[in-house]
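S.K.: In our numbering, the protein residues as written are 47 to 432. Note that CB positions come from ideal geometry on N, CA and C, so glycine has one too. The model shown is predicted, which means the values in this text are computed figures rather than measured ones.
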Amino acid sequence: MNLPAPSDEARAQSDALVARLRHRIADAGGWISFADYMHQALYTPGLGYYSGGAHKFGAAGDFITAPELTPLFGQALAQQVAEVLAQSAPQVLEVGAGTGHLAADLLLALDRLGRAPAQYAILEVSGELRQRQADTLRARVGALADRVHWIDQLPERFSGAVVANEVLDVMPVHLLAWRDGDMFERGVSADADGTLRWADRPADARLRAAAEALNAPMPSDGEYVSELNLAGPAWVADWRQRLDTGALILIDYGYPRAEYYLPSRSSGTLLCYYRHHAHGDPFLWPGLNDITAFVDFTAVAEAAHAADLAIYGYTNQASFLYNCGVLELLAERGDPTKPDYIRAARAVHRLTAPQEMGELFKVMAVGKGLAEPLLGFCRGDRLHGL
Numbered sequence: 047m048n049l050p051a052p053s054d055e056a057r058a059q060s061d062a063l064v065a066r067l068r069h070r071i072a073d074a075g076g077w078i079s080f081a082d083y084m085h086q087a088l089y090t091p092g093l094g095y096y097s098g099g100a101h102k103f104g105a106a107g108d109f110i111t112a113p114e115l116t117p118l119f120g121q122a123l124a125q126q127v128a129e130v131l132a133q134s135a136p137q138v139l140e141v142g143a144g145t146g147h148l149a150a151d152l153l154l155a156l157d158r159l160g161r162a163p164a165q166y167a168i169l170e171v172s173g174e175l176r177q178r179q180a181d182t183l184r185a186r187v188g189a190l191a192d193r194v195h196w197i198d199q200l201p202e203r204f205s206g207a208v209v210a211n212e213v214l215d216v217m218p219v220h221l222l223a224w225r226d227g228d229m230f231e232r233g234v235s236a237d238a239d240g241t242l243r244w245a246d247r248p249a250d251a252r253l254r255a256a257a258e259a260l261n262a263p264m265p266s267d268g269e270y271v272s273e274l275n276l277a278g279p280a281w282v283a284d285w286r287q288r289l290d291t292g293a294l295i296l297i298d299y300g301y302p303r304a305e306y307y308l309p310s311r312s313s314g315t316l317l318c319y320y321r322h323h324a325h326g327d328p329f330l331w332p333g334l335n336d337i338t339a340f341v342d343f344t345a346v347a348e349a350a351h352a353a354d355l356a357i358y359g360y361t362n363q364a365s366f367l368y369n370c371g372v373l374e375l376l377a378e379r380g381d382p383t384k385p386d387y388i389r390a391a392r393a394v395h396r397l398t399a400p401q402e403m404g405e406l407f408k409v410m411a412v413g414k415g416l417a418e419p420l421l422g423f424c425r426g427d428r429l430h431g432l
């Protein structure tokens, strides 16, 4: 694996996190779950990937998200957000706002639609990203920036639109391994020299019970490894107590359960991202790599249903963006021979092409109290496939 080496400062940050992880493993008796490891690697204050100071998004970071490709993504999404605001309250909550470009695109587009929210809240765990978001908003949205505020935890009560773009995929997952007719939980241990390594132990009763619903294939020989995300569905279900009227718009890469746990996907979906390189080693420079797993959208839908939340739609990103008028927004760019239009068209292709983000990414809306169907799911709704 030929990856660019981190700076001395970044490596020192990673080393400090590894030392903390070793202490945590020792205090736990020599083993922690991968869910615990992933949480620490991503969210340890000051050292974790999302709570430290490293650049994460864009060309200088580790990956590019849809809002970084083109403002047309946010402008199309605004069409859907506007519908939710019209049926609930003029408030938006964005969870994990990245560089702030999606917030800026949404605010500007909603303002043009006559639906600028009275309040735009951002839940962000990284102080460095909060500052970048504030700088982006001040530079791009003018007086609308005064409507933005940052929060440290979810509100106890909320009405409006909740936007979560690539949030569920970075919630900690448990790793399960099926072999020899039994089920194991794959966790993390440390060798005598402190090297972090995989270590399996029999899965406990709680994980076994949760895994029974997956219908994952039991291998006749060899091993089948996959993820079990308990945190994501629990987070969605938690909105039962918080949401009065409105919808959560969840955008992420993932599958319905029947496609997630295929026999051919025997090593799971866990991936790490570092400087635009995808790799499979979560122990490489902890705190400097993003760690993600695909979303089981069936599990999300089941959690929403059990929490008495309505499921307003589920489709792929391409259908959602087409329904929300992304092609009409592209046409407004004017002359299709001009560089600006060509760049925008290429970005839209990347967002919607089946071999790019169009099929891999899915969109789901869940919530309470909306009487009218949502635009983003008027064609191509796949709820029947969950």
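What is the C-beta distance between Tyr360 and Phe340, in whole angstroms, given that I count them as a contact (C-beta under 8 Å)?
M.R.: Rounded, the Cβ-Cβ distance is 15 Å, inconsistent with contact.
S.K.: Would you mind listing the beta strand (DSSP E) stretches within the stretch 142-196 that are 3+ residues and don't spill past its ends, in chain order?
M.R.: 165-169
S.K.: Quick one: give me the first and last residue of the alpha helix (DSSP H) that Asp298 is part of.
M.R.: Here Asp298 belongs to no alpha helix (DSSP H); instead the beta strand (DSSP E) covers Leu289 to Tyr301.
S.K.: Compute the Euclidean distance between the alpha carbons of Arg193 and Gly426, then round it to the nearest angstrom.
M.R.: 35 Å
S.K.: When DSSP labels each residue in this structure, what does Gln401 get in the three-state scheme?
M.R.: coil
S.K.: Could you tell me the alpha carbon to alpha carbon distance between Asp54 and Ala347, rounded to whole angstroms?
M.R.: 44 Å
S.K.: Would you report the Cα separation of Gly188 and Leu139, rounded to the nearest angstrom?
M.R.: 19 Å
S.K.: Tell me whether Thr241 is buried or exposed, calling it buried when 16 or more other Cβ atoms sit within 10 Å of its Cβ.
M.R.: exposed
S.K.: For a test of the three-state rule: what should DSSP assign to Val219, helix, strand or coil?
M.R.: coil
S.K.: Among Gly413, Cys424, Glu418 and Tyr368, whose alpha-carbon lies nearest the alpha-carbon of Glu405?
M.R.: Taking only the C-alpha atoms, the option nearest Glu405 is Tyr368.
S.K.: Is Asp246 near the ligand PLP, judged by its Cβ being under 7 Å from some heavy atom?
M.R.: The model on display carries no ligand, and the ligand PLP is accordingly not part of it.
S.K.: With burial defined as no fewer than 16 other Cβ atoms inside 10 Å of the residue's Cβ, what is the status of His220: buried or exposed?
M.R.: Buried is the call here.
S.K.: Using C-beta distances below 7 Å, list every residue in its chain close to Ala65, excluding the 5 sequence neighbours before and after it, in chain order.
M.R.: none
S.K.: Tell me which same chain residues have a C-beta within less than 7 Å of the C-beta of Asn261, skipping the five on either side of it?
M.R.: Here the set comprises Tyr307.
S.K.: State the Cα-Cα distance for the pair Ala411 and Pro248, rounded to the nearest angstrom.
M.R.: 36 Å
S.K.: Is there contact between the stretch 347-356 and the stretch 389-404, where contact requires at least three CB pairs shorter than 8 Å?
M.R.: Verdict: no, contact absent.
S.K.: DSSP three-state label for Asp354, please.
M.R.: coil
S.K.: In angstroms, rounded to a whole number, what distance separates the CA positions of Arg379 and Asp386?
M.R.: 7 Å
S.K.: Run through the DSSP bridge pairs and tell me what Glu438 is partnered with.
M.R.: Shown here, the chain extends from 47 to 432; a query on residue 438 therefore has no answer.
S.K.: From the DSSP secondary-structure annotation, give me the bridge partner or partners of Pro248.
M.R.: Phe230
S.K.: For Pro50, does the count of other Cβ atoms within 10 angstroms reach 16, so buried, or fall short, so exposed?
M.R.: exposed
S.K.: With burial defined as no fewer than 16 other Cβ atoms inside 10 Å of the residue's Cβ, what is the status of Ala58: buried or exposed?
M.R.: With fewer than 16 Cβ atoms within 10 Å of its Cβ, Ala58 is classed as exposed.
S.K.: Let me make sure I understand the geometry here. Which of Pro52, Met217 and Arg176 has the alpha-carbon closest to that of Asp82?
M.R.: Met217
S.K.: Is DSSP giving Gln125 helix, strand or coil here?
M.R.: helix
S.K.: Helix, strand or coil, according to DSSP, for His85 in the structure here?
M.R.: helix
S.K.: Pick from Ala345, Asn48, Leu159 and Lys384: whose alpha carbon is nearest that of Ala256?
M.R.: Ala345
S.K.: Can you tell me whether Gly278 is helix, strand or coil according to DSSP?
M.R.: helix
S.K.: Within 10 Å of its beta-carbon, does Gly160 have 16 or more other beta-carbons around it, so buried, or fewer, so exposed?
M.R.: exposed
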